[in-house]
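Each residue of the sequence shown is one higher than the one before, counting from 81 in the working numbering.
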Amino acid sequence: MDLMELFFITLGFAVIVCYGVRLLLFSKMLFPKIWFPLPKYFFTSMGAWAVVTGASEGIGRAYALALAEQGMNVVIMSRTKAALEDVAKEIVATTGQRVKVIVTDLMEDVFSEIEDQLCGLNIGILVNNVGMLPSVIPSKFLECAELDQTITKVINCNVKSMAKMCKIILPGMENRGKGVIVNISSGIASIPFPLYTLYAASKVFVERFSQGLQAEYRDKGIIIQTVAPFGVSTRMADYQKTNTVTLSPEDFVKSSLQYLRAGDKTHGSVCHIFLGWLLQSIPAKILYAECVLHGLQDYVKKRAQKTSVSVSSASSEQGRNG
């Protein structure tokens, strides 16, 4: 056997091992209850209260209900008082847990007031769900309406609010040596995503910030995880019909909570994990081809016209899509 043969045999073996390890890791995601089990009283052991932002509809509402069903009292936040009160009534009626309603606009400088209202609560879980999609219709950066204001709003809502809420709640978790922070990102942040450039980039910040915090506070007993969904049937997704890929908010949240111990990032469900792998596997030349981008625009426009949904703006306080 000459040196060249040995090199190629070694290379082939290394490739087989590499993909074997990847396959093993992926197979673990198929059975989260087996590989990442949670104790029966895991959620309440973190603390008495959970805080959920953007909780009036969609994924935020589903998280609030799911955590209340696990025995936690819930603080729910949104700009929409009537919708929040409806969610609070539903939580009390179905679970009997206590609910604190905070009507607030997280795009404004309101964090001192929020900190005062949360003072004294034993907060074990924070879900940063609130977020803003500048436009349902995909468009180039310079074609975005009121671009200067939009940049400020997206940064304040998707970036600043998350960091500020962590600043408020993380110290208490560090003092107690336990806690969970879930920051909602988006599946499209897995790659640079043209036509949703500003939104996708803001969600990349969510991922990197969360992963950095997890590295800093893991040894304090705190779980900090990014959840990056793809299709979820919410207002932001024009309430698409649910199927294998597009999940209801309730089904998605139920699934994503099973992956809390699966690492600092998860797509939250088996089908979304597969979509994340597939998206990163498509060559950039194909994904960014002009015909593909135009096709995406046309598809979303037709879908929006069919559902008669306003395409000017969408906030995840009224529902979110990854």
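All C-beta atoms in this analysis are idealised placements derived from N, C-alpha and C, irrespective of residue type, glycine included.
Looking at C-alpha atoms only, which residue of the options is the closest neighbour of residue i?
i: Ala168; options: Asp185, Leu147 and Met187; result: Leu147
i: Gln197; options: Lys382, Ala281, Phe122 and Val131; result: Val131
i: Thr160; options: Glu188, Val154, Thr184 and Gly140; result: Thr184
i: Arg298; options: Ile261, Asp318 and Ile271; result: Ile261
i: Asn255; options: Lys321, Asn238, Asn202 and Glu195; result: Asn202
i: Val181; options: Leu118, Thr90, Glu170 and Pro251; result: Glu170
i: Glu258; options: Glu226, Ser125 and Glu149; result: The sequence given here places Lys at residue 258; Glu does not occur at that position. Cα-wise, what sits closest to Lys258 is Ser125.
i: Ala128; options: Val155, Ser335 and Val239; result: Val155
i: Ile205; options: Val216, Ile249 and Leu164; result: Ile249
i: Asp318; options: Lys381, Phe93, Leu186 and Cys98; result: Lys381
i: Ser241; options: Glu226, Leu327, Val210 and Leu222; result: Val210
i: Ile217; options: Met316, Cys98 and Leu337; result: Met316
i: Ala280; options: Ser158, Ile268 and Leu337; result: Ile268
i: Leu110; options: Ala295, Leu293, Ala342 and Leu359; result: Ala342
i: Ser136; options: Ser158, Gln150, Glu149 and Phe221; result: Ser158
i: Tyr368; options: Cys98, Leu91, Lys220 and Trp357; result: Lys220
i: Ala140; options: Pro119, Leu118, Lys120 and Ala163; result: First, the amino acid is wrong: residue 140 is Gly here, not Ala. With distances taken between Cα atoms, Gly140 lies closest to Ala163.
i: Leu145; options: Leu118, Glu193, Gly92 and Val179; result: Val179
Work out the CA separation of residue j and residue i for me, nearest whole Å.
i: Lys283; j: Ile302; result: 22 Å
i: Gln398; j: Ile271; result: Confidence at Gln398 is low in this model, with a pLDDT of 40, below 50, so its placement is unreliable and the value that follows should be read with caution. The alpha-carbon atoms of Gln398 and Ile271 are separated by roughly 26 Å.
i: Ala384; j: Pro214; result: 15 Å
i: Ser266; j: Lys345; result: 11 Å
i: Met152; j: Glu195; result: 20 Å
i: Lys108; j: Phe122; result: 21 Å
i: Lys300; j: Cys199; result: 21 Å
i: Gln377; j: Ser361; result: 22 Å
i: Ile89; j: Val95; result: 10 Å
i: Asn236; j: Glu188; result: 8 Å
i: Tyr379; j: Phe285; result: 28 Å
i: Gly100; j: Leu83; result: 26 Å
i: Glu226; j: Leu104; result: 47 Å
i: Glu287; j: Gly134; result: 18 Å
i: Glu165; j: Glu149; result: 18 Å
i: Asn238; j: Glu85; result: 53 Å
i: Phe289; j: Asn323; result: 32 Å
i: Leu327; j: Lys386; result: 20 Å
i: Pro119; j: Glu296; result: 24 Å
i: Leu337; j: Gly138; result: 16 Å
i: Cys224; j: Glu193; result: 32 Å
i: Ala364; j: Ile114; result: 36 Å
In the DSSP assignment, what residue or residues form a beta bridge with residue i?
i: Asn263; result: Asn208 and Thr306
i: Asn153; result: Trp129
i: Lys431; result: Because residue 431 is not part of the residues shown, which for the chain are 81 to 402, the question remains open.
i: Lys345; result: Thr306
i: Val203; result: The residue you asked about is not Val; residue 203 is Ile in the sequence shown. Ile203 is bridged to Trp129.
i: Val312; result: Leu327
Which same chain residues, not among the five before or five after residue i, have their C-beta less than 6 Å away from its C-beta?
i: Tyr143; result: Val132, Val207 and Val333
i: Glu330; result: Ala142
i: Val325; result: Gly311 and Cys351
i: Ser395; result: Any reading at Ser395 is ruled out, since the residue's pLDDT is 47, under 50, leaving its predicted position unreliable.
i: Gln291; result: Asp344
i: Ile264; result: Asn209 and Val307
i: Ile304; result: Ile261, Ser290, Leu293 and Gln294
Please list, in chain order, all residues of the same chain as residue i whose beta carbon is under 7 Å from its beta carbon, the five residues on each side excluded.
i: Lys244; result: Phe191
i: Ser335; result: Gly348 and Ser349
i: Tyr339; result: Pro112, Phe116, Thr346 and Gly348
i: Gly252; result: Ile203
i: Ser393; result: Bear in mind that the predicted position of Ser393 carries a pLDDT of just 49, short of 50, making it unreliable; the figure below should be weighed with that in mind. The residues are Pro214 and Ser215.
Measuring from the CB of residue i, is there a heavy atom of the ligand ATP at a distance below 7 Å?
i: Lys365; result: No copy of the ligand ATP occurs in the structure displayed, which carries no ligand at all.
Between which residues of its own chain and residue i is the CB-CB distance below 8 Å, once the five residues before and five after are set aside?
i: Gly356; result: Gly267, Ser270, Ala308, Phe310 and His347
i: Lys321; result: Ser313
i: Ile366; result: Val372
Three or more C-beta pairs closer than 8 Å, one from the region 163-179 and one from the region 226-241: is that the case here? no
Flag this pair as touching only if the region 258-276 and the region 371-380 have three or more C-beta atom pairs under 8 Å; answer yes or no. yes
How do the region 296-312 and the region 345-355 stand: do at least 3 beta-carbon pairs fall below 8 Å, yes or no? yes
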